[in-house]
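For reference, the structure is listed below as structure tokens.
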Amino acid sequence: EAGVAQSPRYKIIEKRQSVAFWCNPISGHATLYWYQQILGQGPKLLIQFQNNGVVDDSQLPKDRFSAERLKGVDSTLKIQPAKLEDSAVYLCASSFDNTYNEQFFGPGTRLTVL
Amino acid sequence: QQQVKQSPQSLIVQKGGISIINCAYENTAFDYFPWYQQFPGKGPALLIAIRPDVSEKKEGRFTISFNKSAKQFSLHIMDSQPGDSATYFCAAPPNSGNTPLVFGKGTRLSVIA
Numbered sequence: 035e036a037g038v039a040q041s042p043r044y045k046i047i048e049k050r051q052s053v054a055f056w057c058n059p060i061s062g063h064a065t066l067y068w069y070q071q072i073l074g075q076g077p078k079l080l081i082q083f084q085n086n087g088v089v090d091d092s093q094l095p096k097d098r099f100s101a102e103r104l105k106g107v108d109s110t111l112k113i114q115p116a117k118l119e120d121s122a123v124y125l126c127a128s129s130f131d132n133t134y135n136e137q138f139f140g141p142g143t144r145l146t147v148l
Numbered sequence: 024q025q026q027v028k029q030s031p032q033s034l035i036v037q038k039g040g041i042s043i044i045n046c047a048y049e050n051t052a053f054d055y056f057p058w059y060q061q062f063p064g065k066g067p068a069l070l071i072a073i074r075p076d077v078s079e080k081k082e083g084r085f086t087i088s089f090n091k092s093a094k095q096f097s098l099h100i101m102d103s104q105p106g107d108s109a110t111y112f113c114a115a116p117p118n119s120g121n122t123p124l125v126f127g128k129g130t131r132l133s134v135i136a
């Protein structure tokens with residue numbers, strides 16, 4: 035079974051620039067999550083999708099972050115404009131549904147904002 | 024947001040020893056307690072999970088002990104091996120039945136020979 039795919043793996047940008055991350059979840063998984071993991075901390079949920087609808091985006095900084103999951107499969111997370119404090123690893127995860135099922139994480143995208 | 028508080032922040036254990044990581048939670052509605060393991064450059068992966076209807080769950084060398092009255096749960100790694108060196112996160116869903124997990128800050132385990 036193929037895992038969760040993410041790209042790019044690494045990205046370095048200047049502050050105030052924009053950046054986009056892509057995620058392809060495990061086939062058949064209805065629920066997709068984007069987490070932000072700052073160095074030395076646990077992952078923090080940014081947004082949760084159920085199919086192509088948003089379930090929880092309460093911790094997404096909506097003035098600069100946006101995410102979409104068209105057709106209920108792939109998802110993109112965008113930051114515009116980036117700030118220094120956005121430097122982190124952005125993890126995508128998927129699960130079969132939004133109940134107590136294992137979340138499978140991708141390898142993450144390491145973003146450095148200079 | 025409801026939190027899970029994890030300790031210690033880092034842990035060094037001799038090969039063959041027992042590694043113990045603790046987690047305390049606040050919300051009594053939490054009803055699913057997973058532990059995730061993360062190696063450098065990788066995403067977290069589910070290691071073991073427990074529901075509060077049991078006090079202990081064992082899978083190989085890994086055991087979760089759950090104390091509902093104290094609102095604590097812990098991970099025990101028996102016969103720790105260098106390959107167990109990783110960061111471990113406890114987690115819980117903030118709302119019963121839903122799974123946007125709230126993670127602890129992590130424990131970096133180093134198993135030395």
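For the record, the sequence lines run as chains D and L. Anchor point for the first sequence: position 34 equals 68 in my numbering, and the numbering is continuous, going up by one each time. Anchor point for the second sequence: position 61 equals 84 in my numbering, and the numbering is continuous, going up by one each time. Just so you know, even glycine gets a beta-carbon here, dropped at the ideal spot from N, CA and C. The structure displayed is predicted, hence computed values, not measured ones.
Top-ranked residue by Cα proximity to Pro116/L, from Gln37/L, Pro75/L and Lys81/L
Pro75/L
Identify which residue in Glu48/D, Ile72/D and Trp68/D has its Cα closest to the Cα of Ser123/L.
The sequence shown places Pro at residue 123/L, rather than the Ser named in the question. Ranking Glu48/D, Ile72/D and Trp68/D by CA distance to the CA of Pro123/L puts Trp68/D first.
Helix, strand or coil at Glu188/D [DSSP, three-state]
Chain D is shown from 35 up to 148; residue 188/D falls before or after that span and cannot be answered.
In whole angstroms, what is the alpha-carbon distance linking Thr133/D and Pro57/L?
13 Å
Closest by CA to Leu98/L, which one among Pro63/L, Gly129/L, Asn45/L and Val36/L?
Asn45/L
Assuming contact is defined by CB atoms lying nearer than 7 Å, are Glu102/D and Thr110/D in contact in what I supplied?
yes
Spatial neighbours of Ser128/D in its chain, beta-carbon cut-off 6 Å, leaving aside the 5 residues before and after:
Val38, Pro59, Ile60, His63, Leu66 and Phe138
Lys28/L, DSSP secondary structure in three states
Taken through DSSP and simplified to helix, strand or coil, Lys28/L comes out as strand.
Under a three-way DSSP split, which group does Leu104/D fall into?
helix
Return helix, strand or coil for Pro105/L, following the three-state DSSP convention.
helix
Quick check on Glu136/D: does DSSP put it in helix, strand or coil?
coil
Residue from Ile43/L, Ala72/L, Gly66/L and Ser92/L whose Cα sits closest to the Cα of Pro31/L:
For the residues Ile43/L, Ala72/L, Gly66/L and Ser92/L, the minimum Cα distance to Pro31/L belongs to Ile43/L.
Terminal residues of the continuous beta strand (DSSP E) containing Arg144/D?
Thr143 to Val147
Pro42/D touches chain L at which residues, Cβ-Cβ below 8 Å?
Under a criterion of Cβ atoms nearer than 8 Å, no residue of chain L is adjacent to Pro42/D; the nearest Cβ is some 14 Å distant.
Complete beta strand (DSSP E) runs within the stretch 70–102 of chain L (minimum length 3 residues, chain order)
79–82, 85–90 and 95–100
Just how far apart, CA to CA, sit Ser108/L and Pro95/D?
34 Å
Does DSSP classify Leu118/D as helix, strand or coil?
helix
Give me the subset of the stretch 66–88 of chain L whose CB atoms are less than 9 Å from a CB atom of chain D, sorted by chain position.
Per Cβ criterion, the list reads Gly66, Pro67, Ala68, Leu69, Ala72 and Arg74.
Check the Cβ-Cβ distances between Asp91/D and every residue of chain L, and say whether any is below 7 Å.
no
With C-beta atoms as the reference, is Pro141/D less than 7 Å away from Gly66/L?
Yes, they are a contact pair.
Lys112/D - containing beta strand (DSSP E), residue span
Ser109 to Ile113
Starting from Gln82/D, trace the beta strand (DSSP E) both ways and give me its first and last residue.
It spans Lys78 to Gln84 - the beta strand (DSSP E) in which Gln82/D sits, taken as one unbroken run.
Less than 6 Å between C-beta atoms, sequence neighbours within five positions excluded: which residues of the same chain meet that for Asp102/L?
Gly39 and Arg84
Would you kindly work out how many angstroms separate the C-alpha atoms of Thr130/L and Lys28/L, rounded to a whole number?
11 Å
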